[in-house]
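Here's the structure, in structure tokens; my notes come after.
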Amino acid sequence: MTDLIVAGTLLTMDPDRTIWSDGAVAVINGRIERVGRRADLLEDHPDVQLLGGPDCVVTPGFVNAHQHLTGDRLIRSCIPDDIPTTTAIFDWVVPVHAAHTGDDDELSATLSLLEAVGNGITTTIEAGTVAHPDRVAAAFRAVGVRGCIGTWGWDSGEGPFSLPTREVMARQRSVLDANPSGGLVEGWVTLVGHDLASDQLFAEAADLARASGTGLTFHMSPSADDAVAFAERSGKRPIRHLADIGALGPQTLIAHAVHLDDDEVDLLVETRTAVAYCPWAYLRLGQGVTASGRHIEFLARGGRLALGCDTENAGDAIDPLRVAALTAGLARDMSSDPLTFGAHAALELLTIRGAEAIGMDDRIGSIETGKIADLVVHDLNGIGSTPNAVDPALQLLWTGDGRSVRDVVVDGVPVVLNHESTRVDHTNLVAEAVASQRRLLDQAGLSPTPRWPVR
Ligand SMILES: [Zn+2]
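So this is what it looks like as structure tokens:
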């Protein structure tokens, strides 16, 4: 018995990148049972719930491969944007993170995931700065979206949650045990990365991810600072050092990797290590991606690349179409080649290639029979979408953003209908967020003020 039919112009992202101009997807028990012509599927299933329609575009759910779900969210737009990045992190973000209760973590993650799914993201890789993973997992389940979570992992420095290596690893294992692979929420091994983990921690984390068949993610080289730190630490470049201690490989997803030399690009390609590229963060923080970024070259050489929205103090908006459009624009401008990397390549990163980079392309990332039904219905009825384009990929990417997302299905369940979550009541969230923000800033001893005079 079919549960649901989702209709529209289908961008399937299957191996041929087939588009069905008036197509539909039949969903049974959370899986895609059939893909075909809308008229045929409706004739066979006249009484099922129908989403979308001939004026809609249906895409696979989008993958966000790097997203901080706690901490920055509740102080969004409070941190001045004219201070050094390290000051923003260590004077603002870290103390606010440290003041987070479990309730704050769940509220923060709920807000972030609601924004994300409202813009079409159905799978989120948490970036590795969660203090209360059980509460963040609860937020995923409440919003009804797919994701991978870990917990804070660093064994050097004075920061909150910094612990001896053995205790960091024990906390990582407990997240994997509580969130087994294959579920809506999966445990990953997550380290802060940079120069904030010992060699032993990097190596043991990679071993644990390999042994558990799950992923490992951490930050590296968004700016040139990590190369300076690793030069002092080992005399090597960061990626070369990580390769030598066994931390690279198909299980590893490195966030950023903006500042790489030739050897580091080679190593990432050769070891099948994936990279999460978050271009808004590099622009917002002035990290030099336009001068130094090599992500498109990495992709062209067969590298596994996904896109990420990062965090509220960097990428700010959790809107994958904005990130993808920026990615395409930057690729062309940085190469001075308008023929390279366009809308279609950018959409691949949000869907099938993103799924491949996080090791989930056997389940998600395309609209194909047998895959999990994670689907997004984009409403292209508005003035901004009129007249409809001949090529929906061009229209979605270059003219659109998350505002076109009308309905979202995750695991075969409609979790957003007509722009509203079907799962979470928004009514109290705003008041809770305002109260939480005030308390967190007070506890961290921070008092943000607008730069311009307030009367
Ligand atoms: Zn990050």
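Residue numbers for the sequence shown follow the working numbering, beginning at 54 and rising by one.
Beta carbons: idealized from backbone N, C-alpha and C, even for Gly.
All values reported here derive from a predicted model rather than from experimental measurement.
Should ASP363 be counted as a contact of ligand 1 given a C-beta to heavy atom distance under 7 Å?
-> On the sequence shown, position 310 is the one that residue 363 refers to. A heavy atom of ligand 1 is found nearer than 7 Å to the CB of ASP363.
Distance, Cα to Cα, GLY173 vs ALA378?
-> Numbered from 1 along the sequence shown, position 120 holds the residue referred to as residue 173. Numbered from 1 along the sequence shown, position 325 holds the residue referred to as residue 378. In this structure, the alpha-carbon of GLY173 lies about 15 Å from that of ALA378.
Any chance the region 456-470 sits against the region 424-432, with 3 or more Cβ pairs inside 8 Å?
-> Touching, yes.
The alpha helix (DSSP H) with ASP252 in it runs from where to where?
-> Working through the sequence shown from its first residue, we reach residue 252 at position 199. Note, ASP252: alpha helix (DSSP H), 252-265.
Among THR364, VAL376 and ASP454, the one whose alpha carbon lies nearest that of ARG129 = Position 76 of the sequence shown, counted from the first residue, corresponds to residue 129. Closest option to ARG129, Cα to Cα, is THR364.
Once you ignore the five residues that flank ARG385 on each side, which residues in its own chain have a CB closer than 7 Å to its CB?
-> By 1-based counting over the sequence shown, the position of residue 385 is 332. If we look at ARG385 and ignore the five residues flanking it on each side, its Cβ neighbours are PRO391, THR393 and PHE394.
Give me the Cα-Cα distance between ASP279 and ASP248, rounded to the nearest whole angstrom.
-> Within the sequence shown, numbered from 1, the residue matching residue 279 stands at position 226. Within the sequence shown, numbered from 1, the residue matching residue 248 stands at position 195. Distance between the alpha carbons of ASP279 and ASP248 is about 7 Å.
Ligand 1 heavy atoms versus the CB of ALA488: any closer than 7 Å?
-> Locating residue 488 in the sequence shown gives position 435, where the first residue counts as 1. A distance criterion of 7 Å places the beta-carbon of ALA488 beyond contact range of ligand 1, judged by its closest non-hydrogen atom.
With burial defined as no fewer than 16 other Cβ atoms inside 10 Å of the residue's Cβ, what is the status of ILE436: buried or exposed?
-> Position 383 of the sequence shown holds residue 436. Exposed: under 16 other Cβ atoms inside 10 Å.
Determine the direct distance from the alpha carbon of ARG375 to that of THR404, and round the result to whole angstroms.
-> Sequence index remark: in the sequence shown, residue 404 carries index 351 (1-based). Sequence index remark: in the sequence shown, residue 375 carries index 322 (1-based). Going by the C-alpha atoms only, they are around 14 Å apart.
With a cut-off of 8 Å on the beta carbons, I'd call GLY368 and ARG406 a contact; round off their distance for me.
-> Numbered from its first residue, the sequence shown carries residue 368 at position 315. Numbered from its first residue, the sequence shown carries residue 406 at position 353. So it is not a contact: roughly 19 Å between Cβ atoms.
GLN120: first and last residue of the uninterrupted beta strand (DSSP E) it sits in = Within the sequence shown, numbered from 1, the residue matching residue 120 stands at position 67. Start and end: 115-120.
Would you list the one or two residues that DSSP bridges to TYR511?
-> Residue 511 lies beyond the residue range present for the chain, which begins at 54 and ends at 508; the question has no answer from this structure.
If GLY206 sits next to ALA169, beta carbons under 8 Å apart, how far is it from one beta carbon to the other, in whole angstroms?
-> By one-based count along the sequence shown, residue 206 stands at place 153. By one-based count along the sequence shown, residue 169 stands at place 116. Not confirmed; about 23 Å, so no contact.
For GLN102, which of helix, strand or coil comes out of DSSP?
-> Reading the sequence shown from its first residue, position 49 is the one you call residue 102. GLN102: strand per DSSP, three-state reduction.
Ends of the alpha helix (DSSP H) at SER345?
-> Numbered from its first residue, the sequence shown carries residue 345 at position 292. If you look at SER345, you'll find it in the alpha helix (DSSP H) that goes 342-345.
State yes or no: is the C-beta of ARG475 within less than 8 Å of the C-beta of VAL483?
-> The residue you call residue 475 lines up with position 422 of the sequence shown. The residue you call residue 483 lines up with position 430 of the sequence shown. Checking the displayed sequence, the identity of residue 475 turns out to be Thr instead of Arg. Here THR475 is not near VAL483, since their CB atoms are 8 Å or more apart.
Got a sec, what are the start and stop residues for the beta strand (DSSP E) ASP135 sits in?
-> Sequence index remark: in the sequence shown, residue 135 carries index 82 (1-based). Note, ASP135: premise wrong, no beta strand (DSSP E); not H, not E.
Examine ligand 1 and report whether any of its heavy atoms sits within less than 7 Å of the Cβ of HIS272.
-> Position 219 of the sequence shown, counted from the first residue, corresponds to residue 272. Short note on HIS272: C-beta closer than 7 Å to some heavy atom of ligand 1.
Any chance the CB of ALA308 is under 7 Å from a heavy atom of ligand 1?
-> The sequence position of residue 308 within the sequence shown is 255, counting from 1. Within the chosen limit of 7 Å, ligand 1 reaches the beta carbon of ALA308 through at least one heavy atom.
Do LEU402 and THR380 come within 8 Å of each other at the CB atom, strictly closer than that value?
-> Walking along the sequence shown from the start, residue 380 turns up at place 327. Walking along the sequence shown from the start, residue 402 turns up at place 349. Yes, Cβ-Cβ distance for THR380 and LEU402 is below 8 Å.
Own chain residues within Cβ distance below 7 Å of ASP314, not counting five before or after = Taking the first residue of the sequence shown as position 1, residue 314 is located at position 261. Hits under 7 Å: ARG290.
Identify, in the order they occur along the chain, each residue of the same chain with its Cβ nearer than 8 Å to the Cβ of THR218, setting aside the five sequence neighbours on each side.
-> Reading the sequence shown from its first residue, position 165 is the one you call residue 218. Once the five neighbours on either side are set aside, the close Cβ partners of THR218 are ASP208, SER251, GLN253, LEU254 and GLU257.
Do you know whose CA, among ASN82, GLY83, ALA231 and LEU103, lies nearest PRO92's CA?
-> The residue labelled residue 92 in the question sits at position 39 within the sequence shown. Before going on, a small fix: residue 92 reads as Ala here, not Pro. Per the Cα distances, LEU103.
Is the beta carbon of THR182 less than 8 Å from the beta carbon of SER419?
-> Counting from 1 along the sequence shown, the entry for residue 182 is found at position 129. Counting from 1 along the sequence shown, the entry for residue 419 is found at position 366. No, they are not a contact pair.
Where HIS294 and VAL318 are concerned, what is the direct C-alpha to C-alpha distance, given to the nearest angstrom?
-> Within the sequence shown, residue 294 is the residue found at index 241, counting from 1. Within the sequence shown, residue 318 is the residue found at index 265, counting from 1. Between the alpha carbons of HIS294 and VAL318 lies a distance of about 13 Å.
Put PRO501 into one of helix, strand or coil per three-state DSSP.
-> Taking the sequence shown and counting its residues from 1, one reaches residue 501 at position 448. Three-state result, PRO501: coil.
Helix, strand or coil: which one does DSSP assign to THR218?
-> Taking the first residue of the sequence shown as position 1, residue 218 is located at position 165. THR218 falls in the helix class under three-state DSSP.
Is HIS121 near ligand 1, in the sense that its beta carbon is under 7 Å from a heavy atom of that ligand?
-> Taking the first residue of the sequence shown as position 1, residue 121 is located at position 68. Correct: HIS121 has its Cβ closer than 7 Å to ligand 1.
Would you mind giving the Cβ-Cβ distance between GLY171 and HIS472, rounded to the nearest angstrom? I have them listed as a contact below 8 Å.
-> By 1-based counting over the sequence shown, the position of residue 171 is 118. By 1-based counting over the sequence shown, the position of residue 472 is 419. Confirmed, Cβ separation roughly 7 Å.
In whole angstroms, what separates the C-alpha of ARG90 from that of GLU421?
-> Indexing the sequence shown from 1 puts residue 90 at position 37. Indexing the sequence shown from 1 puts residue 421 at position 368. Rounded to the nearest angstrom, the two C-alpha atoms are 14 Å apart.
Would you list the residues sitting across from ASP314 in a DSSP beta bridge?
-> Sequence index remark: in the sequence shown, residue 314 carries index 261 (1-based). Looking at the DSSP assignment, ASP314 forms no beta bridge with any residue, so it has no partner.
Local Cβ density within 10 Å of GLY105, reported as buried at 16 or more and exposed below that = For the purposes of this step, residue 105 is identified with residue 52 of the sequence shown, where counting begins at 1. With 16 or more neighbouring CB atoms inside 10 Å of its own CB, GLY105 falls in the buried class.
Rounded to a whole number of angstroms, what is the C-alpha to C-alpha distance between ALA137 and LEU449?
-> Here residue 137 corresponds to residue number 84 of the sequence shown, with the count starting at 1. Here residue 449 corresponds to residue number 396 of the sequence shown, with the count starting at 1. One detail in the question is off: residue 137 reads as Pro in this sequence, not Ala. When rounded, the distance between both Cα atoms is 35 Å.
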